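Data block below; observations after.
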Amino acid sequence: ILNVEQSPQSLHVQEGDSTNFTCSFPSSNFYALHWYRWETAKSPEALFVMTLNGDEKKKGRISATLNTKEGYSYLYIKGSQPEDSATYLCAFNRNGDNNDMRFGAGTRLTVKP
Amino acid sequence: DVKVTQSSRYLVKRTGEKVFLECVQDMDHENMFWYRQDPGLGLRLIYFSYDVKMKEKGDIPEGYSVSREKKERFSLILESASTNQTSMYLCASSPLTGNQPQHFGDGTRLSIL
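Quick mapping for you: the protein sequence lines, in order, are chains A and B. For the first sequence, position 26 matches number 557 in the working numbering, and the numbering has no gaps at all. For the second sequence, position 38 matches number 46 in the working numbering, and the numbering has no gaps at all.
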């Protein structure tokens, strides 16, 4: 069983704070890492698909980095807003089959106004 | 806009009942998935299908079965519901290949009494 670990499990920040959290995955047989945002009462929404060591992706105030050699990815949120409150999931794909994804338990972010 | 639709947002059933959860996607995706999500755990794969009438067990198939008679529809069946199957169930779809994220439905919160 592949272990995909996310930390912290939950996080509370004030509006305007910048924050980051981690996804760790097995460093062997890497193919892709996916980040999703899951807001309450909505469906998980894809944020990034990352494939290359050293990749950096950005969408507005959210960015992500990837280190495949050491097996981790960071998600950063700059200037957090209450609408960023959600659970952030990462998923690890080791072989290119889109049916082989292993999800972490998520980091639940709460941004207080 | 792409869409994965789950038949119910909330469902309450009794122990021993046969329960059907339906999922429909409009993206002509080959892959379809059923996950359950429980507090503190990642999305756990129950079953997936890569083609009509094809199905593969995921990590936790016990107590469940699936049906894919048409490409757009993937049904999850709880043969005889038990209280430990109370959970959030998510359906997803994706293309067969390529670095494509999965597209999720809004989830069904199922309670077994």
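For each residue, glycine too, the CB sits at the ideal point set by N, CA and C. Since we're looking at a predicted model, the values are computed, not measured.
Legend entry - Option nearest L98(B) by Cα separation, candidates G24(B), K21(B), Q33(B), K61(B): Checked all of G24(B), K21(B), Q33(B), K61(B); the closest Cα to L98(B) is Q33(B).
Legend entry - Straight-line Cα distance separating G585(A) from Q528(A): Outside the modelled stretch of chain A, which goes from 532 to 644, sits residue 528(A), for which no answer is possible.
Legend entry - Three-pair Cβ contact test at 8 Å for the segment 551 to 568 of chain A versus the segment 601 to 618 of chain A: They touch, by the three-pair rule.
Legend entry - Contact under 8 Å by Cβ, R117(B) with R52(B): Not a contact, by the Cβ cut-off of 8 Å.
Inset, instruction - Starting from F56(B), follow the beta strand (DSSP E) in both directions and report where the run begins and ends. - result: Residues 52 to 57.
Legend entry - Assigned secondary structure, T91(B) (DSSP; H/G/I helix, E/B strand, else coil): DSSP, reduced to helix, strand and coil, places T91(B) within a helical segment of the structure shown.
Inset, instruction - Please confirm if Q110(B) has its CB atom under 8 Å from at least one CB of chain A. - result: For Q110(B), the closest Cβ of chain A is nearer than 8 Å.
Inset, instruction - Verify whether the separation of the beta carbon atoms of M40(B) and R76(B) is less than 8 Å. - result: The answer is yes: Cβ separation under 8 Å.
Inset, instruction - Measuring only between beta-carbons, confirm whether N39(B) sits less than 8 Å from chain A. - result: By this cut-off, N39(B) is an interface position.
Legend entry - Given 8 Å, three or more beta-carbon pairs between the segment 11 to 29 of chain B and the segment 586 to 595 of chain A: No: fewer than three Cβ pairs fall under 8 Å.
Legend entry - Check whether L564(A) and F552(A) have beta carbons under 8 Å apart: For L564(A) and F552(A), no; Cβs fall outside 8 Å.
Legend entry - Through-space distance from L121(B) to N560(A), alpha-carbon basis: If you take the alpha carbons of N560(A) and L121(B), they lie about 43 Å apart.
Inset, instruction - Would you decide whether N626(A) is buried or exposed? Buried here means 16 or more other CB atoms lie within 10 Å of its CB. - result: By the neighbour-count rule (16 or more Cβ atoms within 10 Å), N626(A) is not buried but exposed.
Inset, instruction - State the DSSP-derived secondary structure class of E80(B), mapped to helix, strand or coil. - result: Looking at E80(B) - three-state DSSP - the assignment turns out to be coil, as it is neither helix nor strand.
Inset, instruction - With a threshold of 16 other CB atoms inside 10 Å of the CB of G610(A), please say whether the residue is buried or exposed. - result: When all chains shown are included, G610(A) counts as exposed.
Inset, instruction - Check the Cβ of G591(A) against every Cβ in chain B and list those closer than 9 Å, keeping chain order. - result: Going along chain B, no residue has its Cβ under 9 Å from G591(A), so there is no contact; the nearest lies around 17 Å.
Inset, instruction - Excluding the 5 residues preceding and the 5 following T599(A) in the sequence, name in chain order all residues of the same chain whose CB lies nearer than 7 Å to its CB. - result: Taking C-beta separations shorter than 7 Å and ignoring five residues to either side along the sequence, the partners of T599(A) in its chain run S558, F561, N584, following chain order.
Inset, instruction - Take L86(B) as the anchor and find which of K26(B), G48(B), E30(B), T94(B) has the nearest alpha-carbon. - result: Per the Cα distances, K26(B).
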